[in-house]
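Listed in order, the protein sequences are those of chains A and B. Numbering follows our numbering, in which position 20 of the first sequence is assigned residue number 680; successive positions increment by one, without gaps. Numbering follows our numbering, in which position 184 of the second sequence is assigned residue number 844; successive positions increment by one, without gaps.
Number of protein chains: 2
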Amino acid sequence: MAATIKDIAKRLNISVSTVSYALNGGPRPVAPELRERVLQVAKELDYRPNRLAKSLITRRSHIVGVVRDASAHDLVTSPYMQGVLNGVLNAAEEMGQNVLVVTRLDPHDLEGAVDRLLEGHVDGLIFVATFTLTPLYAELAKRRFPYVVLSGTDQAAPSVCVDNAGGVRLALEHLYSLGHRRIGHIEGIPGHFDGRERYEAFRAFLRERNLPIEPHWVACGMFTPFEGATAARAILARPDRPTALFCANDEMAIAALGVARDLGIRVPEELSVVGFDDAVNASYCHPPLTTVRQPSEEMGAAALRTLLERIEDQSPAHLMRFPATLVVRSSTAPPTKGALS
Amino acid sequence: MAATIKDIAKRLNISVSTVSYALNGGPRPVAPELRERVLQVAKELDYRPNRLAKSLITRRSHIVGVVRDASAHDLVTSPYMQGVLNGVLNAAEEMGQNVLVVTRLDPHDLEGAVDRLLEGHVDGLIFVATFTLTPLYAELAKRRFPYVVLSGTDQAAPSVCVDNAGGVRLALEHLYSLGHRRIGHIEGIPGHFDGRERYEAFRAFLRERNLPIEPHWVACGMFTPFEGATAARAILARPDRPTALFCANDEMAIAALGVARDLGIRVPEELSVVGFDDAVNASYCHPPLTTVRQPSEEMGAAALRTLLERIEDQSPAHLMRFPATLVVRSSTAPPTKGALS
DNA sequence: CTGAAAGCGCTTACAG
DNA sequence: CTGAAAGCGCTTACAG
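(1) If distances are taken between C-alpha atoms only, which option among A/Tyr681, A/Met741 and A/Leu699 comes closest to A/Met959?
(2) Just list the beta strand (DSSP E) runs in the region 711 to 783 of chain B, keeping only unbroken ones of 3 residues or longer that don't cross its boundaries, in chain order.
(3) On the DSSP bridge list, what partners appear for B/Thr951?
(4) Looking only at DSSP bridge pairs, what is A/Glu847 linked to?
(5) So, is B/Ile914 buried or exposed, given that buried needs 16 or more other C-beta atoms within 10 angstroms?
(6) According to the Cβ coordinates, are A/Trp877 and A/His845 closer than 8 Å?
(7) By the criterion of Cβ-Cβ separation under 8 Å, what are the contact partners of B/Asp734 in chain A?
(8) Please list, in chain order, the chain B residues whose beta carbon lies closer than 7 Å to that of A/Gly918.
(9) Would you check if the region 821 to 830 of chain A and the region 856 to 872 of chain A touch, i.e. whether three or more CB-CB distances between them fall below 8 Å?
(10) Note the first and the last residue of the continuous alpha helix (DSSP H) segment covering B/Arg981.
(11) Say whether chain B places a C-beta atom closer than 8 Å to the C-beta of A/Ile895.
(12) Helix, strand or coil for A/Tyr807 per DSSP?
(13) Can you tell me whether DSSP reads B/Leu793 as helix, strand or coil?
(14) Find the residues of chain B that neighbour A/Arg989, judging by a C-beta separation of less than 8 Å, and give them in chain order.
(15) Starting from B/Leu905, trace the beta strand (DSSP E) both ways and give me its first and last residue.
(16) Given A/Pro947, which residues of its chain have a CB within under 8 Å of its CB, disregarding the five upstream and five downstream residues?
(17) Any contact between the region 816 to 826 of chain A and the region 951 to 966 of chain A? By contact I mean 3 or more CB pairs, one from each, below 8 Å.
(18) Taking the alpha helix (DSSP H) that B/Ser680 falls in, what are its first and last residues?
(19) Taking all protein chains shown into account, do 16 or more other C-beta atoms lie within 10 angstroms of the C-beta of A/Asn746, making it buried, or fewer, making it exposed?
(20) B/Leu979: buried (16+ other C-beta within 10 angstroms of its C-beta) or exposed?
(21) Which residues in chain B sit within 9 Å of A/Val759, going by Cβ to Cβ distance?
(22) Given this structure, state the Cα-to-Cα distance separating A/Ala999 from A/Ile873, to the nearest angstrom.
(23) Taking 8 Å as the CB-CB limit, is B/Gly881 close to chain A?
(24) Consult DSSP for B/Leu871 and reduce its assignment to one of helix, strand or coil.
(25) Mark A/Thr678 as exposed unless 16 or more other C-beta atoms lie within 10 angstroms of its C-beta, in which case mark it buried.
(26) Please go through the same chain and pick out, in chain order, the residues whose beta-carbon is closer than 6 Å to the beta-carbon of A/Arg797, but skip the five residues on each side of it.
(27) Are the beta-carbon atoms of A/Leu778 and A/Val727 separated by less than 8 Å?
(28) Can you round the beta-carbon distance between B/Leu810 and B/Ala963 to whole angstroms, since I take them to be within the 8 Å contact cut?
Dropping the structure here:
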């Protein structure tokens, strides 16, 4: 059907090796005039290299996999995942790589998971915001299969994540310096690296400043708007509610804004809210959200580039921490006493 | 390095063909006892089939490509794309297919685009919400390469889209029956199928009801929150603004809600707003958005299944229109006179 | 039920 | 500078 190098060779009465070298422009020299003719015939025949055959020999498919585990029903619900994916995709295009998406990986079915991951022709994998998949990583490491962990860490592989502790500190310092002493927290997914680190940083800060850690000022919102709203209601419906709320991502923070409005709590006058991510929505919600920015696109791009290095030359495991920055908008202000309308 | 069927054959002193048939459980019968031993040795050697080699022979990679053109700087900014992608991924997993993502396709570089699309080992392609890529489609059709068009139509290929005309009619009937006669529109991307169809359906409805089509009540928001907000400001800042606004997607509608708030225009008392998509945000914004629901996940899944049929047996080109439904929430109400505070 | 062999479309030593 | 040949890891007619 489709033309192969054999067809070109036959047509020109030359060997396939010469065709191959001519087409690839090396590494063996080919008489320029001959090369021209090869290219000419290739075009005539609408020749298109079969990369499968090439990959079989070179052992490189130039496809990398992006992996999401089953904890996320959707691949890209969150703005954070959007940023990461865009970063990966951009970098991949730049580096001439293709991106294969593997989603809904079942972390409990180790063998099945390994099979699925290794069957996609991929040269390497990027795990994004998954539960800690240590046994799975171990299996891959045993086979010396290249992978990198994004928003997580692994002993055996390069890992990239944001400076959660620093980011949380920025957010809480901001609230503290505004005068807040009653600070609540809506937690992400406890089993996820970011959720855990942010939660722990929150507790560490309160302890450090000798602020009260009220159990009923902390609730788990699982990084989703729906559960975030439930968590916010649980915290804000109480008479002794906090004056400020730090949320582990923007989606939950925006949901909290909605809950506050429903409860007639004015933001920022009666309640300050801080998010995490700096999603697009954060500047479009009402009031515009003060949040901790994490460079998700850069992180995605870094993960891809690191993976490529890892594939090329087995570059060593290391951790890349990206700095977080505070973006102050209008959802935070000094607490006002007795404003509980 | 990794074990191959040769290694297994050698170890058992049998032929590779027998190993192959044993591993695949057919189509040639293999003595059950022998088969067991093959499987046993395969496990011992941590054998893993090289699907590249298999694909080379069977001419099926079981990878399908999802294509987005360069008009979208991000792959998955919109809730609509999230839905579609999730639908594709779900169906792909169900059908044992892998999904490769091709983004930022340059529609002006026809040859480059074709090269990129055909080089990813993919069995077929799904084009999602792209500009009309007729010449590109023609090239693929010429090569009998399977593809389907999502949110668009093509003569030569299966296409899936939503019933835009019906959906818009639902939205506008709703506004009309509430008493609105001054209706504006924030347009999507004019070069996109959905943007165009919704715009045309809007005009058709107004003509049909003999309503005024005021040029300054229509503005283009390009399906984005940012440009949507600009468009909303242009329309709403005028003294003779409309009493209702139909927006071609939810993101622009939510942006319009923000603009209305900034301008001190109360929704729905002084302005009714309707969106399109029924994104997650539509129920979390304020007020919750009345919108036209399109079943984006089902559409994505349908596109994948149709593509697979097309790959299998060259099933004929046809158009699948999915129904749209109206979801009434709180952003619409009868117009009230003289409420221009 | 099993083996020996051809072949998928390439790349790349080995010879000249 | 070029050709003839081996081989990547499989599948699948062709023989028995």
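Using N, Cα and C, we set each Cβ at its ideal position, and we do this for glycine too. Remember, predicted model here, so these are calculated numbers, not experimental data.
Checking against the coordinates, here is how it stands:
(1) A/Met741
(2) 723 to 729 and 758 to 765
(3) B/Gly935 and B/Val987
(4) A/Cys880
(5) buried
(6) Closer than 8 Å, so yes.
(7) Gln742 and Asn746
(8) Under the 7 Å cutoff, chain B gives Tyr944 and His946.
(9) yes
(10) Not the alpha helix (DSSP H): B/Arg981 falls in the beta strand (DSSP E), residues Leu979 to Phe982.
(11) no
(12) The three-state secondary structure of A/Tyr807, taken from DSSP, is strand.
(13) coil
(14) Correct list: empty, because the minimum Cβ distance to chain B is about 13 Å.
(15) Ala904 to Cys907
(16) Leu917, Val927, Pro928, Arg989, Ser990 and Ser991
(17) Verdict: yes, contact present.
(18) Val676 to Asn684
(19) Buried.
(20) exposed
(21) Within chain B, the residues near A/Val759 are Leu760, Val761, Val762 and Thr763.
(22) Model confidence at A/Ala999 stands at a pLDDT of 44, short of 50, so the residue's coordinates are unreliable; what they give is reported in the following sentence. One C-alpha to the other measures close to 23 Å.
(23) With 8 Å as the cut-off, B/Gly881 does not count as an interface residue toward chain A.
(24) The three-state reading of DSSP puts B/Leu871 in coil, since its state is none of H, G, I, E or B.
(25) buried
(26) The amino acid at residue 797 of chain A is misidentified as Arg; the sequence shows Tyr. Result list for A/Tyr797: Asp814, in chain order.
(27) no
(28) 5 Å
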